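Student: Quick note: to get the working numbering, add 820 to the position in the sequence shown (first position is 1). Glycine included, each C-beta is placed from N, C-alpha and C at the ideal position. Note that the structure is a prediction, hence the values are computed from the model and not measured. Take a look at this one; I'll ask things after.
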Amino acid sequence: MASPDINLNRLAVFVALVRAGSFTAAAERLGTTKAMVSQHIAKLEDELGVTLLVRSTRRMSLTDAGERFHEDCARVLADAESAVSRLGECRDTPMGTLRVAAAGDHGPAIVAPVLAEYAARHPQVSVELVVSDDIVDVIAERFDLSIRIGWLRDSSLRAAKLSSFRQCLVASPAYLARRGEPSAPDELAAHDWISLSVLSSPTRWTFVDDAGTEHTVRTRPIASANSTLAAHAFVVAGLGMSVLPDYVVHADIATGRLVSLLDGYRLPDGGVHAVYPGKQTSVKVRAFIDLLKERMAR
């Protein structure tokens, strides 16, 4: 291990000098002056306390110590060049582990298939998907990125919007047969509601009619769940009605398992975002975000 007092740049000058065979040729190769090369070598010898070169007006030769030192220096420089080359591969080719967090409804249904395709495309990357409806700490828990559904909170993380989704008010046919179908948002206060506890305001909803008028209602929960899929299960079972993402209820509405309500009113669209730390986006993260955008656009 080199002494802390050694200027490592001078090792490169020394190796270049030996390879070039003369101070003049080394100076040309390094883009400097002959005097500067001579000065570097003199200071290196002074730092090491060893004579590396025997110089005369006509020729230059290595001492025994210089021969051994040159071999070691050449190996160190070759290792450094390999390290830089490997770093370039890391920068330009996805590799390593891609650790992704996603919500319970979105992760298995949408993120997992894309992650599988990504792993097949990039065999040098091992993938890991962690499903949770809690907001994970991306930095502390060492995630490369997190897929977040809804509306982003203030954060120091970078974000890329992947897509958007509609919020759908739904209930089962059995529930509607028992309690009747609402015709306006203010009637929802009298209905049984399934709330999603992870929302910032799980009981307060603002609908907008075709004229752009807002209708805000506070619902009455008879049950709550901390995951979208659990709330969905309550609704399908006929326990109450709720607002759920379109990608969760689309098939249910198409088959009649659930009924879309208040179609003349709209709720704000939600967003699907990838959030990730760091000033520079790594190639493995960027490649996954691009693939997610492409697949989710379909």
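With DSSP run on the structure shown, which of helix, strand or coil describes I955?
Tutor: Taking the first residue of the sequence shown as 1, we reach residue 955 at position 135. Three-state result, I955: coil.
Student: According to DSSP, simplified to helix, strand and coil, what is P914?
Tutor: To locate residue 914, count along the sequence shown from 1; it is residue 94. Note: P914 maps to coil in three-state DSSP.
Student: Is DSSP giving L1081 helix, strand or coil here?
Tutor: Translated into positions along the sequence shown, residue 1081 becomes position 261. In the structure shown, L1081 sits in coil (DSSP, three-state: anything other than H, G, I, E or B).
Student: Give the straight-line distance between the Cα atoms of S1062 and W1013, rounded to the nearest whole angstrom.
Tutor: Here the question's residue 1062 lines up with position 242 in the sequence shown. Here the question's residue 1013 lines up with position 193 in the sequence shown. Each residue's Cα considered, the two are about 6 angstroms apart.
Student: Taking the beta carbon of R830 as the centre, do at least 16 other beta carbons fall within 10 Å, making it buried, or is it exposed?
Tutor: Along the sequence shown, read from residue 1 onward, the residue named residue 830 stands at position 10. Buried, by the Cβ-count rule.
Student: Let me know the beta strand (DSSP E) ranges lying completely inside the segment 1040 to 1114, each 3 residues or longer, listed in chain order.
Tutor: Within the segment 1040 to 1114, the complete beta strand (DSSP E) runs of at least 3 residues are 1040 to 1045, 1062 to 1065 and 1090 to 1096.
Student: So, at 6 angstroms on beta carbons, what are the nonlocal neighbours of I1042 in its own chain, with the 5 sequence-adjacent residues on each side left out?
Tutor: Here the question's residue 1042 lines up with position 222 in the sequence shown. D1012 and G1060, listed in sequence order.
Student: When DSSP builds the beta bridges, which residues end up paired with C893?
Tutor: Here residue 893 corresponds to residue number 73 of the sequence shown, with the count starting at 1. The partner list for C893 (beta bridge, DSSP) is empty, contrary to what the question assumes.
Student: Taking the alpha carbon of Y1067 as the reference point, which residue from P914, Q987 and A898 has its own alpha carbon closest?
Tutor: Against the sequence shown, residue 1067 aligns to sequence position 247. For Y1067, the nearest C-alpha among the options comes from Q987.
Student: Which value, in whole angstroms, describes the spacing of the CA atoms of L918 and S984?
Tutor: As a working note, residue 918 is residue 98 in the sequence shown. As a working note, residue 984 is residue 164 in the sequence shown. Taking the straight line from one Cα to the other gives about 24 angstroms.
Student: Excluding the 5 residues preceding and the 5 following P824 in the sequence, name in chain order all residues of the same chain whose CB lies nearer than 6 angstroms to its CB.
Tutor: Within the sequence shown, the letter at position 4 stands for residue 824. Low confidence applies to P824: its pLDDT is 48, below 50, so where it sits in the model is not reliable, and the reading given next is rough at best. Nothing meets the Cβ criterion.
Student: Tell me whether the segment 888 to 896 and the segment 1075 to 1088 touch, counting them as touching only if at least three CB pairs, one residue from each stretch, are closer than 8 angstroms.
Tutor: No, they do not touch.
Student: Suppose you measure from the CA of I955 to the CA of L965; what does that come to, to the nearest Å?
Tutor: The count along the sequence shown starts at 1 and reaches residue 955 at position 135. The count along the sequence shown starts at 1 and reaches residue 965 at position 145. So the alpha carbons of these two residues sit roughly 12 angstroms apart.
Student: In angstroms, rounded to a whole number, what distance separates the CA positions of F963 and S1017?
Tutor: The residue given as residue 963 occupies position 143 in the sequence shown. The residue given as residue 1017 occupies position 197 in the sequence shown. One C-alpha to the other measures close to 24 angstroms.
Student: When DSSP builds the beta bridges, which residues end up paired with M880?
Tutor: Here residue 880 is taken as the residue at index 60 of the sequence shown, counted from 1. R875.
Student: Let's test the definition: count the other Cβ atoms within 10 Å of the Cβ of K1104 and tell me whether it reaches 16, buried, or not, exposed.
Tutor: Indexing the sequence shown from 1 puts residue 1104 at position 284. By the neighbour-count rule (16 or more Cβ atoms within 10 Å), K1104 is buried.
Student: Say whether the segment 933 to 946 touches the segment 1107 to 1115, bearing in mind that this needs 3 or more beta-carbon pairs closer than 8 angstroms, one atom from each stretch.
Tutor: Counting Cβ pairs under 8 angstroms, three or more are found: they touch.
Student: Within the continuous beta strand (DSSP E) that includes E961, where are the two ends?
Tutor: The residue labelled residue 961 in the question sits at position 141 within the sequence shown. Premise fails: E961 is in no beta strand (DSSP E) and is neither H nor E.
Student: Pop quiz: D1006 and G1084 are said to be a contact at Cβ under 8 angstroms. What is the actual Cβ separation, rounded to whole angstroms?
Tutor: The residue labelled residue 1006 in the question sits at position 186 within the sequence shown. The residue labelled residue 1084 in the question sits at position 264 within the sequence shown. Not quite, the Cβ-Cβ distance comes to about 14 angstroms (not below 8 angstroms), so this is no contact.
Student: Which residue's Cα is closest to the Cα of L868: T853, G886 and R878?
Tutor: Translated into positions along the sequence shown, residue 868 becomes position 48. Of the listed residues, the one whose Cα sits closest to L868 is G886.
Student: Could you tell me whether the segment 1080 to 1098 touches the segment 1041 to 1058, where touching means 3 or more Cβ pairs closer than 8 angstroms?
Tutor: Contact fails: fewer than three Cβ-Cβ distances are below 8 angstroms.
Student: Any idea if P1065 is buried or exposed, counting beta-carbon neighbours within 10 angstroms, 16 or more meaning buried?
Tutor: Your numbering for residue 1065 matches position 245 in the sequence shown. P1065 should be labelled buried.
Student: Throw me the rounded Cβ distance for the L1008 and T1039 pair, which I believe falls under 8 angstroms.
Tutor: Position 188 of the sequence shown, counted from the start, is the residue given in the question as residue 1008. Position 219 of the sequence shown, counted from the start, is the residue given in the question as residue 1039. Right, their Cβ atoms sit about 6 angstroms apart.
Student: List the endpoints of the continuous beta strand (DSSP E) containing E1034.
Tutor: Here residue 1034 refers to the residue found at position 214 when the sequence shown is read from its first residue. Where E1034 is concerned, the enclosing beta strand (DSSP E) stretches over E1034 to R1038.
Student: Just the Cα atoms here: how many angstroms apart are A1071 and A898?
Tutor: Here residue 1071 is taken as the residue at index 251 of the sequence shown, counted from 1. Here residue 898 is taken as the residue at index 78 of the sequence shown, counted from 1. Answer to the nearest angstrom: the Cα atoms are 59 angstroms apart.
Student: Taking C-alpha atoms, which residue in G1058, T883, G1098 and L1049 lies nearest to S992?
Tutor: Numbered from 1 along the sequence shown, position 172 holds the residue referred to as residue 992. Of the candidates G1058, T883, G1098 and L1049, the one whose C-alpha sits nearest the C-alpha of S992 is G1058.
Student: Using 10 angstroms around the beta-carbon of V835, count the other beta-carbons present and answer buried if the total reaches 16, otherwise exposed.
Tutor: Sequence index remark: in the sequence shown, residue 835 carries index 15 (1-based). The residue is buried, with at least 16 neighbouring Cβ atoms inside 10 Å.
Student: Please report the distance separating the alpha-carbon of D866 from that of T883.
Tutor: Counting from one through the sequence shown, the residue named residue 866 turns up at place 46. Counting from one through the sequence shown, the residue named residue 883 turns up at place 63. Whole-angstrom Cα-Cα distance: 15 angstroms.
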